[in-house]
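Encoded as structure tokens, the structure appears first; notes follow it.
Set out below in structure tokens:
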């Protein structure tokens, strides 16, 4: 069973992401901010990471950059959830090494399709 | 030659006329220019004079300036009033070289010569400004004005400080309210999420319970088996009851046979009674014949009497037996009636029980079908509620957007506070304040975009 790390400081988003992915049969580990997300990610590898962008402390792009430096996360799909709609931030996300850029709010089905496309 | 000279002359005249016209026009322009400049100069002079007059009028002492002919060329209202009140004349003024006291009416005035044709007049109160001359008077006036301005500035500064303080308080209150809004929203969202989680779990439990009731067909088979077994048990019971009824019918037939036999026995006893009656009659005749025979017939008479007694006993016995048989026949008839009633009731009861069992089975099947339909409906409702909960949870994403927006509002309020301080308090550096970058531009809960890199 594939395991996904979901990082978001918003409990509502975290709940929706976790619930959606779990209902599709994936295992989900939740983190309440970027710092906790990094700690958990570095503790054990995940098949996929879904992270919020705007978080206190370590933001989403910093987290992506940090994880991409680790060999075990070079190929792991990392999706950034964000309220940022601008192309410039999207390009920052691409440059940081994000696999996908998903603008909030979003439908659970859309998230599930993204997960299936990323890790099957 | 003459013609040439005339032509030259004509040309000269024309040139002169042209030059005269040009010169005239230029002179006219210059005159107009001069007049305009003169008008401007007059206006400027009038304006300057008005300003000087304003200054004179603002001075706290009387000013009078006279020309050589004794005409006042400059003065203020105080000066003109005091000049007249003190009964001064131009000659007296011109004679004053040092500050002099002049009495006019009840008031004493001090008159000082400030310049060759400029005199200051003031009621005798303070001689110092007069002794110091006009520059000092003007400086004093300016100083007074400065003090007034400084006082005004101080008052305005105090007012600005007060307004700034109020503004800072308002901004702090605004930021506090923003923080409380975030806290309230967080709290409400936390509870809503917990409620939704609980609701979802309850829906799942309810659906699971319904499915466990409906099952996968095994329970249906169990119900059908139960109904079949109930029907079988009832049939066995009915069969046993039927056998009992048949036994009762046989018993009735037996009773009928016994009844017939009893009637036959009663018929025999009728015959016995007839025989006994006949015997009794014979014994009576024998007794009569024995009596007629006398002593020889005495023994025969005794026998005849005994025979008659036997006949009477036989009749009594026969009647007693007949009575017993009739009682037995009556009891048998009653038993037969009861058996018939029991048989009829049993058959009715069996039929009713059968009908009731069929009805119960039908009702149970109906209830079972209805329960299954209800549980299926409950499953559909649970799915719909689950979908609604999912939709509500999606809408709860407004929480994330709203909290971020409120964060921006808080930063902007902070910036407004710094900017205000920089305006009111010059020591504050407004340029060091960075405006927050807007990270939320969404205006509705419509779904966002997805991009794969």
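Chains as they are written, first to last, in this note's numbering: chain R, 621 to 740; chain S, 336 to 788.
Positions of the beta carbon are idealized from the N, C-alpha and C atoms, including for glycine.
Span of the beta strand (DSSP E) around residue i
{"i": "residue 458/S", "result": "453-458"}
{"i": "residue 672/R", "result": "668-672"}
{"i": "residue 722/R", "result": "720-723"}
{"i": "residue 625/R", "result": "623-627"}
{"i": "residue 442/S", "result": "442-450"}
{"i": "residue 702/R", "result": "698-702"}
{"i": "residue 401/S", "result": "397-401"}
{"i": "residue 787/S", "result": "785-787"}
{"i": "residue 419/S", "result": "Looking at the DSSP string, residue 419/S is not in any beta strand (DSSP E); the run it does join, the alpha helix (DSSP H), is 412-420."}
{"i": "residue 741/R", "result": "Outside the modelled stretch of chain R, which goes from 621 to 740, sits residue 741/R, for which no answer is possible."}
Expected contact under 8 angstroms - CB spacing of residue i and residue j to nearest Å
{"i": "residue 642/R", "j": "residue 649/R", "result": "Rounded, the Cβ-Cβ distance is 11 angstroms, inconsistent with contact."}
{"i": "residue 670/S", "j": "residue 590/S", "result": "6 angstroms"}
{"i": "residue 674/R", "j": "residue 703/R", "result": "7 angstroms"}
{"i": "residue 657/S", "j": "residue 604/S", "result": "5 angstroms"}
{"i": "residue 685/S", "j": "residue 609/S", "result": "About 51 angstroms separates the two Cβ atoms, so there is no contact after all."}
{"i": "residue 399/S", "j": "residue 454/S", "result": "5 angstroms"}
{"i": "residue 420/S", "j": "residue 442/S", "result": "7 angstroms"}
{"i": "residue 701/R", "j": "residue 730/R", "result": "With a Cβ gap of about 11 angstroms, residue 701/R and residue 730/R do not count as contacting."}
{"i": "residue 727/R", "j": "residue 782/S", "result": "5 angstroms"}
{"i": "residue 584/S", "j": "residue 678/S", "result": "6 angstroms"}
{"i": "residue 748/S", "j": "residue 510/S", "result": "5 angstroms"}
{"i": "residue 642/S", "j": "residue 614/S", "result": "6 angstroms"}
{"i": "residue 685/R", "j": "residue 694/R", "result": "Contact flag wrong, Cβ pair sits at about 12 angstroms."}
{"i": "residue 703/S", "j": "residue 513/S", "result": "Not confirmed; about 60 angstroms, so no contact."}
{"i": "residue 541/S", "j": "residue 713/S", "result": "7 angstroms"}
{"i": "residue 506/S", "j": "residue 751/S", "result": "6 angstroms"}
Interface partners of residue i on chain S, CB under 8 angstroms
{"i": "residue 741/R", "result": "Because chain R here runs from 621 to 740, residue 741/R falls outside it and cannot be looked at."}
Contact check, residue i vs residue j, beta carbons under 8 angstroms
{"i": "residue 697/R", "j": "residue 738/R", "result": "yes"}
{"i": "residue 710/R", "j": "residue 735/S", "result": "no"}
{"i": "residue 618/S", "j": "residue 635/S", "result": "no"}
{"i": "residue 520/S", "j": "residue 720/S", "result": "no"}
{"i": "residue 653/R", "j": "residue 624/R", "result": "no"}
{"i": "residue 446/S", "j": "residue 458/S", "result": "no"}
{"i": "residue 396/S", "j": "residue 368/S", "result": "no"}
{"i": "residue 667/S", "j": "residue 593/S", "result": "yes"}
{"i": "residue 649/S", "j": "residue 675/S", "result": "no"}
{"i": "residue 607/S", "j": "residue 653/S", "result": "yes"}
{"i": "residue 562/S", "j": "residue 696/S", "result": "yes"}
{"i": "residue 722/S", "j": "residue 720/R", "result": "no"}
{"i": "residue 525/S", "j": "residue 665/R", "result": "no"}
{"i": "residue 534/S", "j": "residue 731/S", "result": "no"}
{"i": "residue 646/R", "j": "residue 734/R", "result": "no"}
{"i": "residue 732/R", "j": "residue 644/R", "result": "yes"}
{"i": "residue 681/R", "j": "residue 658/R", "result": "no"}
{"i": "residue 390/S", "j": "residue 417/S", "result": "no"}
{"i": "residue 741/S", "j": "residue 517/S", "result": "yes"}
Boundaries of the alpha helix (DSSP H) in which residue i is found, first to last residue
{"i": "residue 729/S", "result": "633-730"}
{"i": "residue 685/R", "result": "680-688"}
{"i": "residue 632/R", "result": "631-643"}
{"i": "residue 729/R", "result": "728-739"}
{"i": "residue 662/R", "result": "654-663"}
{"i": "residue 790/S", "result": "Residue 790/S lies beyond the range of chain S shown here (336 to 788); nothing can be said about it."}
Under 9 angstroms from the C-beta of residue i: neighbouring residues of chain R
{"i": "residue 732/S", "result": "630, 632, 633, 636, 724, 725 and 726"}
{"i": "residue 504/S", "result": "In chain order: nothing, as chain R lies at least about 28 angstroms away."}
{"i": "residue 777/S", "result": "703, 705, 723, 724 and 725"}
7 angstroms Cβ cut-off: residues of chain R touching residue i
{"i": "residue 774/S", "result": "674, 703 and 704"}
{"i": "residue 750/S", "result": "Within chain R, no residue comes near residue 750/S; the closest Cβ sits about 19 angstroms away, beyond 7 angstroms."}
{"i": "residue 745/S", "result": "Neighbours of residue 745/S on chain R: none; closest Cβ ~13 angstroms, over 7 angstroms."}
Proximal residues of chain S, C-beta to C-beta of residue i below 7 angstroms
{"i": "residue 743/R", "result": "No answer is possible for residue 743/R: it lies beyond the span of chain R, which begins at 621 and ends at 740."}
{"i": "residue 734/R", "result": "785"}
Proximal chain R residues relative to residue i, where beta-carbon distance stays under 8 angstroms
{"i": "residue 738/S", "result": "630"}
{"i": "residue 788/S", "result": "713, 714, 718, 719, 720 and 721"}
When Cβ atoms are compared, which residues of the segment 660-688 of chain R fall closer than 9 angstroms to chain S? 672, 673 and 674
So if I threshold CB-CB distances at 7 angstroms, which residues from the segment 701-720 of chain R count as touching chain S? 703, 704, 705, 710, 714, 718, 719 and 720
Give the residues from the segment 513-543 of chain S that approach chain R closer than 9 angstroms (Cβ to any Cβ), ordered along the chain. 521, 524, 525, 527, 528, 531, 532 and 535
Closer than 7 angstroms between beta carbons: that is the criterion. Which residues of the segment 717-730 of chain S meet it against chain R? 725, 728 and 729
Interface positions of the segment 473-497 of chain S facing chain R (Cβ-Cβ less than 7 angstroms), listed along the chain: none
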